[in-house]
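These notes concern the structure reproduced below.
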Amino acid sequence: MTDEQTEPEQETVAQKRQRFERLAMPAVNTLYRQAMRLTNNPEDAQDLVQDTFERGFKAFDSFQPGSNFEAWMTTIERNAYFNQYAKAKRRPKRANDSTGEYDDWDIYSASEHASEGLKSAEQEYLDAFAPEEIMSALAKLSPERRQVFIDATIDGKSYRQISDEQGVKIGTVMSRLNRARTQLRRELASYARDRGYGGVRSAHEVEAGNSPSAKAKSAHTGHNVKNRLSSTPRELVVQSAQGKGIGMNGTFGRYSRISVTERTAAGVSHTEVVVNDMPVHDEDCFDPSCCDADERALIVGLRAYLRPDHAPECLMKRLQETLDQCCRDMSDEE
Numbered sequence: 001m002t003d004e005q006t007e008p009e010q011e012t013v014a015q016k017r018q019r020f021e022r023l024a025m026p027a028v029n030t031l032y033r034q035a036m037r038l039t040n041n042p043e044d045a046q047d048l049v050q051d052t053f054e055r056g057f058k059a060f061d062s063f064q065p066g067s068n069f070e071a072w073m074t075t076i077e078r079n080a081y082f083n084q085y086a087k088a089k090r091r092p093k094r095a096n097d098s099t100g101e102y103d104d105w106d107i108y109s110a111s112e113h114a115s116e117g118l119k120s121a122e123q124e125y126l127d128a129f130a131p132e133e134i135m136s137a138l139a140k141l142s143p144e145r146r147q148v149f150i151d152a153t154i155d156g157k158s159y160r161q162i163s164d165e166q167g168v169k170i171g172t173v174m175s176r177l178n179r180a181r182t183q184l185r186r187e188l189a190s191y192a193r194d195r196g197y198g199g200v201r202s203a204h205e206v207e208a209g210n211s212p213s214a215k216a217k218s219a220h221t222g223h224n225v226k227n228r229l230s231s232t233p234r235e236l237v238v239q240s241a242q243g244k245g246i247g248m249n250g251t252f253g254r255y256s257r258i259s260v261t262e263r264t265a266a267g268v269s270h271t272e273v274v275v276n277d278m279p280v281h282d283e284d285c286f287d288p289s290c291c292d293a294d295e296r297a298l299i300v301g302l303r304a305y306l307r308p309d310h311a312p313e314c315l316m317k318r319l320q321e322t323l324d325q326c327c328r329d330m331s332d333e334e
């Protein structure tokens with residue numbers, strides 16, 4: 001038996017592509033959802049997913065069979081964003097007043113630029129659902145805090161899972177999440193007060209209201225002084241679902257039984273919202289006057305995170321074209 005007969009048959013480029021597509025295509029929606037939450041822009045999100053596909057296919061030989069492919073790809077995407085897209089120079093930028101230089105969040109907040117020509121129709125549509133002041137408040141979270149906040153609050157991941165995926169200690173995850181929520185609470189409270197929503201307190205006032213003496217006074221008067229902006233992560237998701245326009249005619253009492261569930265049908269993910277055992281739909285109306293001021297502020301601030309999260313058809317075509325080009329390049333190298 002010759003050496004040639006004992007050597008395993010080498011995988012062709014076409015076979016490698018087929019194997020990659022079997023694993024990668026089911027992960028596209030997850031990648032697009034993460035990209036939207038990182039870039040906050042449909043066009044940039046598609047660019048990021050396309051770049052991730054190219055990087056993943058070229059590095060496919062390093063993937064360990066049997067391990068979590070989706071987690072592997074989301075890590076590639078996250079690293080690509082922090083290494084490249086967060087520092088992209090395609091958006092209009094303003095110089096830091098003290099250093100004369102541009103930082104990541106100068107670049108990110110440039111989406112607020114007044115020139116209509118700088119925004120796509122999709123971005124203008126999204127802006128209609130989330131005022132620029134609120135998007136600016138969300139954008140002020142650092143990339144690290146924002147990612148932890150999204151993973152824990154929106155995706156419902158455990159501290160351990162976030163720790164493993166991001167390569168940081170659980171204590172770091174908890175610290176970043178707490179600071180993100182504190183910062184977001186402060187920004188949204190300021191927004192609500194500026195818009196004349198009564199009863200919204202500053203972070204200092206919230207802490208004072210949660211003191212033992214204030215709680216005793218609340219129990220005596222029967223007035224609930226708990227600030228809705230200090231809700232649990234699960235409640236944040238619920239309130240953001242309401243803010244997207246998902247709701248029912250009537251009130252959303254603070255004690256309503258509300259659940260938010262991610263479901264996938266025919267390869268398309270969507271968010272299912274149930275209030276008091278009754279499903280509600282996008283076409284149902286939501287009346288902000290049914291909520292208190294704190295809840296309204298939080299609803300407006302978080303609504304942007306519950307957008308349609310399935311990848312558009314045009315992206316699927318771009319991914320196929322990306323793989324076509326990668327295969328041609330690999331064939332030329334051979």
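For the sequence shown, full-length UniProt numbering assigns the number 1 to the initial residue and increments by one for each residue that follows.
Note that CB positions come from ideal geometry on N, CA and C, so glycine has one too.
Here the structure is a predicted model, which is why all the values come from computation and not from measurement.
Closest by CA to glutamine 84, which one among Phe57, Lys157, Val49?
Translated into positions along the sequence shown, residue 84 becomes position 84. Between glutamine 84 and the set Phe57, Lys157, Val49, the nearest pair of CA atoms involves Val49.
Report the residue from Glu187, Phe53, Lys140 whose alpha carbon sits nearest the alpha carbon of threonine 30.
Here residue 30 refers to the residue found at position 30 when the sequence shown is read from its first residue. By alpha-carbon distance to threonine 30, the top candidate from Glu187, Phe53, Lys140 is Phe53.
List in chain order: all unbroken alpha helix (DSSP H) runs of 4+ residues lying wholly within the region 55 to 83.
Entirely contained in the region 55 to 83, the alpha helix (DSSP H) runs reaching 4 residues are, in chain order, 69 to 83.
Among Gly171, Leu141, Cys314, the one whose alpha carbon lies nearest that of arginine 186:
Position 186 of the sequence shown, counted from the first residue, corresponds to residue 186. Closest option to arginine 186, Cα to Cα, is Leu141.
Need the endpoints of the alpha helix (DSSP H) that isoleucine 162 sits in, please.
What you label residue 162 is simply residue 162 of the sequence shown in a count that begins at 1. According to the DSSP assignment, isoleucine 162 belongs to the alpha helix (DSSP H) that extends over 159 to 166.
Please list, in chain order, all residues of the same chain as alanine 311 whose beta carbon is under 6 angstroms from its beta carbon, the five residues on each side excluded.
In the sequence shown, the residue the question calls residue 311 occupies position 311. The residues are Val28, Asn29, Tyr32.
What's the C-alpha gap between serine 120 and aspartate 51?
For the purposes of this step, residue 120 is identified with residue 120 of the sequence shown, where counting begins at 1. For the purposes of this step, residue 51 is identified with residue 51 of the sequence shown, where counting begins at 1. Below a pLDDT of 50, predicted positions are generally treated as unreliable, and serine 120, at 34, falls in that range; the measurement from the model is reported next regardless. Straight-line measurement puts the Cα of aspartate 51 at about 20 angstroms from the Cα of serine 120.
Determine the extent of the alpha helix (DSSP H) in which glycine 31 is found, giving its start and end residues.
Locating residue 31 in the sequence shown gives position 31, counting from the first residue. Strictly speaking, residue 31 in this sequence is leucine, with glycine absent from that position. Per DSSP, leucine 31 belongs to the alpha helix (DSSP H) from 28 to 39.
For glutamate 144, three-class secondary structure by DSSP:
As a position in the sequence shown, residue 144 is number 144, starting the count at 1. Three-state result, glutamate 144: helix.
Taking the CB atoms as reference points, tell me whether leucine 315 and arginine 17 lie closer together than 9 angstroms.
By 1-based counting over the sequence shown, the position of residue 315 is 315. By 1-based counting over the sequence shown, the position of residue 17 is 17. With contacts defined as CB atoms closer than 9 angstroms, leucine 315 and arginine 17 fail to qualify as a contacting pair.
Pop quiz: tyrosine 159 and isoleucine 170 are said to be a contact at Cβ under 8 angstroms. What is the actual Cβ separation, rounded to whole angstroms?
Along the sequence shown, one-based indexing puts residue 159 at 159. Along the sequence shown, one-based indexing puts residue 170 at 170. In this structure tyrosine 159 touches isoleucine 170 by the C-beta definition: roughly 5 angstroms separates them, less than 8 angstroms.
Specify, as a first and last residue, the run of the alpha helix (DSSP H) that lysine 16 falls within.
Taking the first residue of the sequence shown as 1, we reach residue 16 at position 16. Run containing lysine 16: 13 to 24, per the alpha helix (DSSP H) assignment.
Report yes or no: do three or more beta-carbon pairs, one from the region 174 to 182 and one from the region 69 to 81, lie closer than 8 angstroms?
The region 174 to 182 vs the region 69 to 81: no contact.
Taking the alpha carbon of aspartate 329 as the reference point, which residue from Phe57, Arg22, Lys317 has its own alpha carbon closest?
Within the sequence shown, numbered from 1, the residue matching residue 329 stands at position 329. It is Phe57.
In this structure, how does DSSP classify glutamine 320 when only helix, strand and coil are distinguished?
Stepping through the sequence shown from its first residue, residue 320 is reached at position 320. For glutamine 320, the three-state secondary structure derived from DSSP is helix.
I need the straight-line Cα distance from glutamate 11 to cysteine 327, nearest angstrom please.
One-based indexing of the sequence shown puts residue 11 at position 11. One-based indexing of the sequence shown puts residue 327 at position 327. Rounded to the nearest angstrom, the gap between the Cα atoms of glutamate 11 and cysteine 327 is 13 angstroms.
For histidine 223, which residues in the same chain have their Cβ closer than 6 angstroms to its Cβ, ignoring the five residues on either side in sequence?
To locate residue 223, count along the sequence shown from 1; it is residue 223. Because the pLDDT at histidine 223 is just 29, under 50, the model does not fix this residue reliably, and the value given afterwards should be weighed accordingly. Correct list: empty, nothing qualifies.
If you reduce the DSSP assignment to three classes, tell me which class glutamate 9 lands in.
As a first step, residue 9 is located in the sequence shown; it is residue number 9 there, counting from the start. In the three-state reduction of the DSSP assignment, glutamate 9 falls in the coil class, being assigned neither a helical nor a strand state.
For leucine 38, which residues in the same chain have their Cβ closer than 6 angstroms to its Cβ, ignoring the five residues on either side in sequence?
Walking along the sequence shown from the start, residue 38 turns up at place 38. For leucine 38, where only same-chain residues beyond five positions count, the Cβ hits under 6 angstroms are Tyr81.
Return the Cβ separation of alanine 152 and leucine 177 in integer angstroms, given the expectation that the two are a contact with Cβ distance under 8 angstroms.
Along the sequence shown, read from residue 1 onward, the residue named residue 152 stands at position 152. Along the sequence shown, read from residue 1 onward, the residue named residue 177 stands at position 177. Alanine 152 to leucine 177, Cβ: 5 angstroms. Contact.
Can you tell me the Cα-Cα spacing of proline 143 and proline 65, whole angstroms?
For this step, residue 143 is matched to residue 143 along the sequence shown. For this step, residue 65 is matched to residue 65 along the sequence shown. Roughly 30 angstroms separates the two Cα atoms.
Is the separation between the beta-carbon of arginine 78 and that of glutamine 15 shorter than 9 angstroms?
As a working note, residue 78 is residue 78 in the sequence shown. As a working note, residue 15 is residue 15 in the sequence shown. It is not a contact, given that the beta carbons lie outside the stated cut-off.
Using the Cα positions of serine 175 and methionine 73, report the straight-line distance between them to the nearest angstrom.
Position 175 of the sequence shown, counting from 1, holds the residue named residue 175. Position 73 of the sequence shown, counting from 1, holds the residue named residue 73. The straight-line gap from Cα to Cα measures roughly 26 angstroms.
In its own chain, which residues sit with a C-beta less than 8 angstroms from the C-beta of alanine 45, not counting the 5 before and 5 after it?
On the sequence shown, position 45 is the one that residue 45 refers to. For alanine 45, the CB contacts under 8 angstroms within the same chain, skipping 5 residues up- and downstream, are Tyr32, Ala35, Met36, Leu38, Thr39 in chain order.
In its own chain, which residues sit with a C-beta less than 6 angstroms from the C-beta of glutamine 325, not counting the 5 before and 5 after it?
Residue 325 sits at position 325 when you count from the first residue of the sequence shown. Hits under 6 angstroms: none found.
Would you tell me roughly how many angstroms separate the C-alpha atoms of alanine 59 and threonine 172, rounded to the nearest one?
Within the sequence shown, the letter at position 59 stands for residue 59. Within the sequence shown, the letter at position 172 stands for residue 172. About 29 angstroms.
Going along the chain, which residues of its own chain have a beta-carbon closer than 6 angstroms to the beta-carbon of alanine 76, five neighbours each way excluded?
Reading the sequence shown from its first residue, position 76 is the one you call residue 76. Note that residue 76 corresponds to isoleucine in the displayed sequence, not to alanine. Correct list, in chain order: Thr52, Arg55, Gly56.
What three-state label does DSSP hand residue 342 in the structure shown?
The question about residue 342 has no answer, for the chain in this structure spans 1 to 334.
Excluding the five sequence neighbours on either side, which residues of its own chain have a C-beta within less than 7 angstroms of the C-beta of isoleucine 162, listed in chain order?
Counting from one through the sequence shown, the residue named residue 162 turns up at place 162. Only Val148, Asp151, Ala152, Val173 meet the Cβ criterion.
Length of the line joining the Cα atoms of arginine 22 and glutamate 313:
Walking along the sequence shown from the start, residue 22 turns up at place 22. Walking along the sequence shown from the start, residue 313 turns up at place 313. Going by the C-alpha atoms only, they are around 18 angstroms apart.
Buried or exposed for aspartate 61, going by 16 or more other Cβ atoms inside 10 Å?
Taking the sequence shown and counting its residues from 1, the one referred to as residue 61 is at position 61. It is exposed - the Cβ of aspartate 61 has fewer than 16 other Cβ atoms within 10 Å.
Inter-residue Cα distance where the pair is threonine 157 and aspartate 164:
The residue labelled residue 157 in the question sits at position 157 within the sequence shown. The residue labelled residue 164 in the question sits at position 164 within the sequence shown. Going by the sequence as given, residue 157 is lysine instead of threonine. Computed Cα separation, rounded: 11 angstroms.
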